[in-house]
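For the sequence shown, the numbering used here puts the final residue at 314, and the numbers step up evenly by one.
Worksheet: one structure, shown below.
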Amino acid sequence: MLAFNLQPLHGKIVCAFNGLMILFSASERMFSMNVLVVDDHEINRTVLVRTLQKLGYSADTATNGLEAVSATRSKSYQLIFMDIYMPFMDGISAAEEIVSSLVNPPHIIAVSTDPSQKTRCLGFADFIEKPISFHRIKQCIDSLIS
């Protein structure tokens, strides 16, 4: 009889095989999530999407708060990176609309170049200051999925 028990362990996979423990590095993401990146600047969206891809995630994008609200009505997201300053609808208003309209709202992470906005973003799951870094994005996701 062949039996496996796979358990995630901080980016590693522990495999128990006939009493022998084997540790593998996880080369692909451990958790599947629908991610939405919302920013009115294309370069910011691109940088964040590529950072997420390096971490093993794919992401949809929106260019403003109205598009983000619309996207959440047609697809279920577990994680949203939301710029604060955008045309048509800012990130704070969009986040409020998304959270109030969904039974199971996603984790929304505020993203801004202005660190003083952190106090306005208290209802968000986290706050990331631009320019973003790979390690800060990873830290943020790790804290949300652990």
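Beta carbons are placed, not taken as given, at the ideal position from N, Cα and C, and that holds for glycine.
In the structure shown, L204 falls within a strand segment according to DSSP collapsed to helix, strand and coil. Per DSSP, L216 is one residue of the alpha helix (DSSP H) stretching across 210–222. A distance below 6 Å between beta-carbons, with the five flanking residues on each side excluded, links T219 to the following residues of its chain, in chain order: F302, I305. According to the DSSP assignment, I252 belongs to no beta strand (DSSP E), since it is labelled neither H nor E. Within the same chain, N212, V279, S280, T281 come within 8 Å of K298 by CB-CB distance, once the 5 residues on both sides are set aside. Judged by DSSP in its simplified three-state form, L247 adopts strand. Nearest Cα to Y253 within the set V215, K286, V217, S226: K286.
Counting other Cβ atoms within 10 Å of its Cβ, N232 reaches 16 or more and is therefore classed as buried. Around the beta carbon of H209, a 10 Å sphere encloses fewer than 16 other beta carbons of the protein chains shown; the residue is thus reported as exposed.
For F302, the enclosing alpha helix (DSSP H) begins and ends at 302–313. In the three-state reduction of the DSSP assignment, S226 falls in the coil class. Judged by pairs of C-beta atoms under 8 Å, the region 232–243 touches the region 256–263, as three or more such pairs exist.
The beta-carbon distance between I248 and I277, rounded to whole angstroms, is 7 Å. This is short enough to meet the 8 Å contact definition.
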